[in-house]
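Trainee:
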Amino acid sequence: MISEYCRPASVEEALSLLTDKSKIRLPLGGGTSLSRQQSGVDGVVDLQDTGLDWIEKGSRGLTVGAMTRLERLMAHPDVHPEVKRAIQLDAPENIRNMATLPGWLFSSGGRSILTTVLLALDATLTWEPGSKQVRLGDWLPLWKQASPGVLITEIAWLVGSQLVFEYVARAPKDQPILVVAVAQWGSGRTRVVLGGFGDMPIIAMDGPDSSGVDVASRDAYFEAEDQWATAAYRRDIAAKLALRCVERLNAKKESES
Ligand SMILES: Cc1cc2nc3c(=O)[nH]c(=O)nc-3n(C[C@H](O)[C@H](O)[C@H](O)COP(=O)(O)OP(=O)(O)OC[C@H]3O[C@@H](n4cnc5c(N)ncnc54)[C@H](O)[C@@H]3O)c2cc1C
Numbered sequence: 123m124i125s126e127y128c129r130p131a132s133v134e135e136a137l138s139l140l141t142d143k144s145k146i147r148l149p150l151g152g153g154t155s156l157s158r159q160q161s162g163v164d165g166v167v168d169l170q171d172t173g174l175d176w177i178e179k180g181s182r183g184l185t186v187g188a189m190t191r192l193e194r195l196m197a198h199p200d201v202h203p204e205v206k207r208a209i210q211l212d213a214p215e216n217i218r219n220m221a222t223l224p225g226w227l228f229s230s231g232g233r234s235i236l237t238t239v240l241l242a243l244d245a246t247l248t249w250e251p252g253s254k255q256v257r258l259g260d261w262l263p264l265w266k267q268a269s270p271g272v273l274i275t276e277i278a279w280l281v282g283s284q285l286v287f288e289y290v291a292r293a294p295k296d297q298p299i300l301v302v303a304v305a306q307w308g309s310g311r312t313r314v315v316l317g318g319f320g321d322m323p324i325i326a327m328d329g330p331d332s333s334g335v336d337v338a339s340r341d342a343y344f345e346a347e348d349q350w351a352t353a354a355y356r357r358d359i360a361a362k363l364a365l366r367c368v369e370r371l372n373a374k375k376e377s378e379s
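Counting from 1 along the sequence shown, just add 122 to a position and that's the residue number in this note's numbering.
In structure tokens, the structure reads:
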């Protein structure tokens with residue numbers, strides 16, 4: 123049972139509470155998921171007064187403080203329209219007004235479009251103590267086993283890349299059974315990420331250009347079978363959606379040139 127509520131006024135104070143080995147305390151973001159967990163946790167460390175609610179655009183990318191709610195991202199002019207579309211599809215407005223980006227990454231699983239597009243954008247998490255920079259793609263497979271720290275303070279991704287996603291869901295308001303997100307940088311580097319299956323989205327391809335996105339997507343979901351869709355369906359449609367994403371990227375580039 124959660125018996126202790128702490129509300130530190132700074133990141134330093136939050137870290138001292140979270141690293142205190144005499145108690146099991148967890149960071150509290152929006153609380154929409156954590157407030158339902160009742161076992162194995164002594165206390166929560168509410169981050170709302172720690173000054174982590176900000177969005178900053180630097181020369182290379184966008185950095186988002188850990189207490190930034192999803193709805194605030196929706197309103198920011200430098201957040202890519204496809205990231206906004208992902209948030210809108212994933213989370214209803216009441217959740218967007220409360221849930222934070224780190225809380226979302228911990229709670230959402232493999233069927234989240236937002237987590238899929240952030241992985242395509244090669245987002246990086248900053249963990250304290252130690253200000254360790256950990257790429258989302260390195261953290262997602264491991265977070266249930268080991269944590270690089272006790273607190274995520276920032277999440278950053280490069281801006282200026284092209285990004286599109288396509289998805290399939292059984293009903294308009296249902297979680298997707300397949301998501302394909304493709305990000306492409308100016309150099310041509312192309313990353314394809316698949317979601318809609320399993321515990322987390324996966325990187326299907328990270329190559330110098332877009333050739334082979336269909337084959338890579340088919341291979342990555344070759345055995346992606348669960349109660350929602352067969353593997354044969356997922357691998358065929360993943361290949362088609364990956365090609366459609368590349369067509370959309372190419373059409374966008376042509377219209378801009
Ligand atoms: C009514 C309802 C509907 C929902 N619908 C959906 C849905 O359709 N699709 C979906 O994917 N999810 C859904 N969810 C789940 C939702 O995604 C999560 O509840 C929400 O994203 C959690 O964000 P939060 O900021 O409230 O996290 P919290 O509940 O505060 O925390 C969640 C976890 O993240 C950890 N955490 C939070 N911040 C940090 C940090 N800075 N550093 C380290 N760890 C941190 C916490 O310790 C905790 O373990 C729904 C939830 C509710 C209540």
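Every residue, glycine too, gets a C-beta built ideally from N, C-alpha and C.
1. Under the criterion of a Cβ to heavy atom distance below 7 Å, does LEU156 qualify as lining ligand 2?
2. From GLU276, THR248 and PHE228, pick the residue whose C-alpha is nearest to that of GLY265; which is it?
3. Compute the beta-carbon to beta-carbon distance between VAL314 and MET327, rounded to the nearest angstrom, for a pair I have assumed lies under 8 Å.
4. Of the residues ILE146, VAL133 and ARG233, which one's Cα is nearest the Cα of TYR127?
5. Distance, Cα to Cα, ASP200 vs SER144?
6. Just to check my reading of the structure: VAL286 and LEU195 have Cβ atoms closer than 8 Å, yes? What is that Cβ distance to the nearest angstrom?
7. Is LEU223 near ALA188, with beta carbons less than 8 Å apart?
8. My output table needs one value for GLU193: the three-state DSSP class, helix, strand or coil.
9. Can you have a look at GLN306 and say buried or exposed, based on whether 16 or more other CB atoms are within 10 angstroms of its CB?
10. Answer yes or no: the CB of THR222 versus the heavy atoms of ligand 1, is any distance below 7 Å?
11. Between ALA361 and LEU316, how many whole angstroms is the CB-CB distance? I'm expecting something under 8 Å.
12. To which residues does DSSP link ILE277 through a beta bridge?
13. Quick check for students: name the residue ranges of the alpha helix (DSSP H) that lie wholly in the region 311-375, counting only runs of 4 or more.
14. Comparing alpha-carbon positions, which option in ASP348, TYR343, ALA278 and ARG340 lies nearest SER181?
Mentor: Per the coordinate set shown:
1. For the structure depicted, ligand 2 is absent and the ligand set comprises only ligand 1.
2. Position 143 of the sequence shown, counted from the first residue, corresponds to residue 265. Correcting the residue identity first, residue 265 is Trp in this sequence and not Gly. That would be PHE228, whose Cα lies nearest to the Cα of TRP265.
3. As a working note, residue 314 is residue 192 in the sequence shown. As a working note, residue 327 is residue 205 in the sequence shown. Contact holds; Cβ gap of about 4 Å.
4. Position 5 of the sequence shown, counted from the start, is the residue given in the question as residue 127. Selection ILE146, VAL133 and ARG233 evaluated against TYR127 yields ILE146 as nearest (Cα-Cα).
5. Counted from its first residue, the sequence shown places residue 200 at position 78. Counted from its first residue, the sequence shown places residue 144 at position 22. Using only the alpha carbons, I get a separation of about 42 Å.
6. By one-based count along the sequence shown, residue 286 stands at place 164. By one-based count along the sequence shown, residue 195 stands at place 73. Taking 8 Å as the upper bound for CB-CB distance, VAL286 and LEU195 are not in contact here, some 18 Å apart.
7. Position 101 of the sequence shown, counted from the start, is the residue given in the question as residue 223. Position 66 of the sequence shown, counted from the start, is the residue given in the question as residue 188. Less than 8 Å separates the beta-carbon of LEU223 from that of ALA188.
8. Taking the first residue of the sequence shown as position 1, residue 193 is located at position 71. For GLU193, the secondary structure class from DSSP, reduced to helix, strand or coil, is helix.
9. Walking along the sequence shown from the start, residue 306 turns up at place 184. Per the 10 Å Cβ criterion, buried.
10. Start at 1 with the first residue of the sequence shown, and residue 222 comes out as number 100. Checking the Cβ of THR222 against ligand 1 gives yes.
11. As a first step, residue 361 is located in the sequence shown; it is residue number 239 there, counting from the start. As a first step, residue 316 is located in the sequence shown; it is residue number 194 there, counting from the start. Contact between ALA361 and LEU316 fails: their C-beta atoms lie close to 10 Å from each other, not under 8 Å.
12. On the sequence shown, residue 277 is found 155 positions in, with the first residue counted as 1. VAL186 and LEU247, per the DSSP bridge assignment.
13. Fully contained in the region 311-375 are the following alpha helix (DSSP H) runs of length 4 or more, in chain order: 335-342.
14. As a first step, residue 181 must be located in the sequence shown, where it is residue number 59. Ranking ASP348, TYR343, ALA278 and ARG340 by Cα distance to SER181 puts ALA278 first.
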